[in-house]
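Residue numbers (the working numbering), protein chains in the order written: chain A, 1 to 428; chain B, 1 to 428.
From the three backbone atoms N, C-alpha and C, an ideal C-beta is built for every residue, glycine too.
First up is the structure itself, then whatever we jot down about it.
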């Protein structure tokens with residue numbers, strides 16, 4: 001057996017402690033599978049005195065993660081601090097500079113600074129692996145960058161923020177409005193310290209940026225993602241979508257178009273009978289489509305101590321086995337700058353509006369849609385007790401430009417009783 | 001860029017031609033991702049004159065796959081002939097003997113002779129990779145042996161024969177009996193030359209044996225699998241199961257028990273709302289459960305030119321990247337002999353029977369079940385026009401031993417109008 005693989009772990013929150021537990025409890029299994037002992041030599045976190053439920057006294061303690069990253073006796077720097085800048089970024093650069101491999105769960109760091117880090121790592125002959133950064137325990141980075149390496153990826157999409165999916169499915173089951181369920185999720189500790197990261201779609205977009213880079217051979221381009229969170233999804237839309245056979249998901253989609261790379265993170269309708277439509281609670285799902293493989297669907301826990309630590313340890317085992325490859329699947333210097341494209345790909349849309357209860361109102365709306373080239377697939381008008389009639393429309397495939405033109409024209413009429421809601425329907 | 005990776009492909013059926021197409025059409029992508037040119041130098045098949053729709057004249061032709069396997073200019077022997085013995089086995093041994101790595105889609109070969117082949121490969125420092133042997137395009141071998149390497153696997157299960165799943169779902173949707181749908185599948189060319197491989201559960205069991213070996217660190221033990229095919233699944237059971245909220249799937253399950261490794265391939269009931277229950281047609285699904293990751297579900301096409309060739313190319317890319325690991329995830333010499341355990345794990349069961357339409361018949365059955373310690377969860381008796389009353393029973397968890405005792409006692413009564421059907425209900 002070759003020499004042991006020595007880990008330095010920075011960050012001892014849930015995931016860090018989960019990694020410590022696996023390294024301890026599965027030592028024999030890890031050695032059998034990788035041919036090497038895997039051991040922890042040093043750890044680092046903000047508070048050395050905190051009781052974390054495991055005995056850490058056998059590991060050296062470093063107050064400074066940069067010092068941990070540079071230790072001579074560390075082979076792999078395991079970065080589980082989080083945060084796109086500051087200590088996590090400094091320590092990762094330091095680790096690469098000192099010739100360490102890096103395993104990280106930090107989606108923000110890589111989405112924003114992944115290109116520079118990858119270039120540094122590859123110039124130094126080091127690897128950065130980040131399975132835990134995307135979709136928790138699901139080995140999606142591995143499936144995409146290794147398992148599907150023979151494919152030209154045509155589309156990648158997924159539900160990758162468990163908190164958002166929890167909120168949306170909880171709204172549907174409870175009938176409670178967004179604000180109430182948001183508060184519930186907050187009380188349950190499901191939300192990040194800055195909840196915008198979750199409900200604003202930022203966290204999921206960090207993940208999408210990483211999947212895009214691998215899929216399309218482009219530099220991670222978080223800024224090129226069109227992001228809309230779930231804050232404006234109303235219980236009315238969840239109910240109406242269900243009535244039309246759909247469910248609303250915060251769905252990230254990346255796809256090449258004739259005009260560039262389209263990356264979207266937004267509430268979308270998906271058929272309720274589809275795998276994405278069936279996804280409940282905090283579970284994540286990623287759909288990978290390639291020219292040869294057709295479609296692969298991966299489902300699993302998107303967060304939590306065990307699943308995320310499992311992903312970290314998969315990366316550690318790969319390094320122990322000697323698997324080495326470019327960070328984003330091909331050399332960072334060969335990644336193209338992404339050309340962001342917005343609203344290129346046509347789709348059907350769901351429209352909800354309240355119309356004045358007077359003759360010709362619906363005809364006016366239908367005419368406007370027709371004039372913009374938007375054709376109607378299905379339409380429902382509901383009974384009502386006040387002076388405004390709820391109307392749902394599902395369009396045929398249309399461009400966002402044509403739809404926006406129609407929406408603008410609608411609002412200029414005298415029959416709209418509230419701003420229309422428009423949500424994309426993604427074919428899955 | 002290092003030297004090119006040179007493939008010799010034996011077997012030019014659907015999958016072989018699919019591999020040729022990817023190597024040609026994605027040459028630039030493969031080189032970018034692996035850092036090496038991937039090229040085909042020679043091919044072999046039974047009939048050199050057959051038109052396969054692609055121009056093979058630029059490759060050397062070998063009539064004898066063993067000669068192909070031994071060629072000095074081949075780095076990787078790609079075995080796509082199939083068959084557990086004969087040419088495929090001889091050529092694979094020859095390739096390893098000649099210092100080649102092997103990529104194969106041959107589940108039968110590895111399920112029956114994998115231990116010997118793995119020992120030979122590892123002694124020679126060569127790898128055998130077989131992603132395409134299990135669940136077509138789904139990168140399940142990779143997910144299990146690499147992505148989840150930090151987990152103690154607790155259960156692995158799946159629907160891994162698309163033809164069987166096609167037949168079962170087609171029966172449900174059409175209401176046609178097994179024999180009719182079997183004939184349909186045969187006419188459509190969905191069945192192997194020996195259909196028992198499909199409908200008898202053999203093909204899926206080969207796959208299960210490979211997943212078990214990786215999951216539990218045991219030698220592949222095809223003979224230790226309890227196998228029952230779908231030939232006796234009746235349309236009555238499909239309808240009755242649906243009425244109780246279940247669907248019938250040919251499900252392979254492997255799990256450690258206190259008495260050894262339980263491996264089962266049999267028609268099972270699964271909840272219709274579960275991921276497995278929702279699986280339609282020829283699609284495959286594998287469920288992986290580990291102590292840390294909880295549960296991962298993978299879904300994708302189980303067969304076909306593109307998906308299977310995608311899996312082969314994933315393995316080829318791994319080899320091109322220099323990824324090297326033991327065939328079954330840990331050294332073959334360290335794999336334990338599996339101790340096959342049968343019917344250890346208790347489960348609820350579905351029972352269907354026809355009872356004499358006379359007072360006390362149902363009471364007699366219920367008493368027998370109770371005497372054997374089998375308790376009833378749900379029971380339905382249906383209206384009927386003849387003299388026998390259809391009865392469905394869903395039991396609570398019971399051992400197969402207790403159930404068999406009850407079934408034997410039932411058949412000794414004077415109230416059974418046909419042999420009772422008993423199907424396991426798997427918790428998913």
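Spatial distance of residue 240(B) from residue 345(B) (CA atoms): Looking at the two C-alpha atoms, the distance is approximately 25 Å.
Distance, residue 30(B) Cα to residue 259(A) Cα: The alpha-carbon atoms of residue 259(A) and residue 30(B) are separated by roughly 24 Å.
Close beta carbons around residue 115(B), own chain, < 8 Å, minus the five adjacent residues each side: Only 219, 220, 332, 335 meet the Cβ criterion.
Under 8 Å from the C-beta of residue 503(A): neighbouring residues of chain B: Residue 503(A) cannot be examined here, being either before or after the span of chain A that is shown, 1 to 428.
Straight-line Cα distance separating residue 62(B) from residue 56(B): Annotation: residue 56(B) to residue 62(B) spans about 12 Å, alpha carbon to alpha carbon.
Start-to-end residues for the alpha helix (DSSP H) that takes in residue 33(B): Where residue 33(B) is concerned, the enclosing alpha helix (DSSP H) starts and stops at 27-34.
Buried or exposed (CB count within 10 angstroms, at least 16 for buried), residue 215(B): The residue in question, residue 215(B), is buried, as its Cβ has 16 or more Cβ neighbours within 10 Å.
Positions along the segment 288-305 of chain B whose CB lies within less than 7 Å of some CB in chain D: The structure shown has no chain D; the protein chains it does contain are A and B.
Whole runs of the alpha helix (DSSP H) within the segment 148-183 of chain A, excluding any shorter than 4 residues: Contiguous alpha helix (DSSP H) elements confined to the segment 148-183 of chain A occur at 162-174, taking only those with 4 or more residues.
Cβ-Cβ distance between residue 351(A) and residue 415(A) below 7 Å: Note that the C-beta distance between residue 351(A) and residue 415(A) is not below 7 Å.
Residue of 127(B), 43(B), 21(B), 19(B) minimising C-alpha distance to residue 326(B): Measuring from the Cα of residue 326(B), the nearest candidate turns out to be 127(B).
Proximity to residue 315(A) [Cα-Cα], best of 85(A), 93(A), 59(A), 142(A): Check the Cα spacing between residue 315(A) and each of 85(A), 93(A), 59(A), 142(A): the tightest is with 142(A).
Neighbourhood of residue 207(B) by C-beta distance below 6 Å, restricted to the same chain and skipping five residues each side: Closer than 6 Å at the Cβ level, and outside the excluded window around residue 207(B), lie 107, 134, 160.
Neighbouring residues, chain A, relative to residue 329(B) (Cβ below 9 Å): 32, 33, listed in chain order.
Enclosing alpha helix (DSSP H) for residue 364(B) [first to last residue]: Under the DSSP assignment, residue 364(B) falls in the alpha helix (DSSP H) whose first and last residues are 361-371.
Stretch-stretch touch, CB-based, cutoff 8 Å, three pairs: the segment 398-412 of chain A with the segment 369-376 of chain A: The answer is yes - the segment 369-376 of chain A touches the segment 398-412 of chain A, with three or more Cβ pairs under 8 Å.
Where the alpha helix (DSSP H) through residue 120(B) begins and ends: It spans 107-123 - the alpha helix (DSSP H) in which residue 120(B) sits, taken as one unbroken run.
N- and C-terminal bounds of the beta strand (DSSP E) containing residue 405(B): Careful: residue 405(B) lies outside any beta strand (DSSP E), inside the alpha helix (DSSP H) at 400-411.
Within 9 Å of chain B by C-beta, residues of the segment 96-123 of chain A in sequence order: Within the segment 96-123 of chain A, no residue qualifies.
DSSP bridge partner residues for residue 268(A) (one or two, in chain order): According to DSSP, which records beta bridges pairwise, residue 268(A) is partnered with 249(A), 424(A).
Supposed contact pair residue 254(A) and residue 211(A) - C-beta distance, whole angstroms, cut 8 Å: So it is a contact: roughly 6 Å between Cβ atoms.
Residue 259(A), DSSP secondary structure in three states: Shown here, residue 259(A) sits in coil according to DSSP, grouped into three states, outside any helix or strand.
Stretch-stretch touch, CB-based, cutoff 8 Å, three pairs: the segment 83-94 of chain B with the segment 20-30 of chain B: At 8 Å Cβ cutoff, the stretches do not touch.
Chain B contact residues for residue 29(A), given Cβ-Cβ distances below 7 Å: Per Cβ cutoff of 7 Å: 152.
Residue 146(B) - DSSP class collapsed to helix/strand/coil: Helix at residue 146(B).
Reference residue 360(B), options 413(B), 51(B), 67(B), 231(B), closest by Cα: Of the candidates 413(B), 51(B), 67(B), 231(B), the one whose C-alpha sits nearest the C-alpha of residue 360(B) is 413(B).
Distance CB(residue 420(B))-CB(residue 313(B)) smaller than 7 Å: Not in contact: residue 420(B) and residue 313(B) (Cβ atoms no closer than 7 Å).
7 Å Cβ cutoff, residue 268(A) in contact with chain B: Chain B contact via Cβ: absent.
Members of the segment 45-68 of chain A that neighbour chain B once the beta carbon cut-off is set at 9 Å: Residues of the segment 45-68 of chain A with a C-beta less than 9 Å from any C-beta of chain B: none at all.
7 Å Cβ cutoff, residue 6(A) in contact with chain B: No, residue 6(A) lies away from the interface with chain B (no Cβ there is under 7 Å from its Cβ).
Close beta carbons around residue 15(B), own chain, < 8 Å, minus the five adjacent residues each side: Once the five neighbours on either side are set aside, the close Cβ partners of residue 15(B) are 80, 105, 132, 305, 308, 309, 312.
Under 8 Å from the C-beta of residue 40(B): neighbouring residues of chain A: Within 8 Å Cβ-Cβ: nothing; residue 40(B) doesn't reach chain A, min ~13 Å.
is_contact[residue 310(B), chain A] using C-beta, thresh 7 Å: At least one chain A Cβ lies under 7 Å of residue 310(B).
Backbone CA spacing between residue 103(A) and residue 78(A) [nearest angstrom]: Distance between the alpha carbons of residue 103(A) and residue 78(A) is about 5 Å.
Nearest-angstrom Cα separation, counted from residue 391(A) out to residue 365(A): So the alpha carbons of these two residues sit roughly 10 Å apart.
Residue 176(B) beta carbon less than 7 Å from that of residue 248(B): The beta carbons of residue 248(B) and residue 176(B) sit no closer together than 7 Å.
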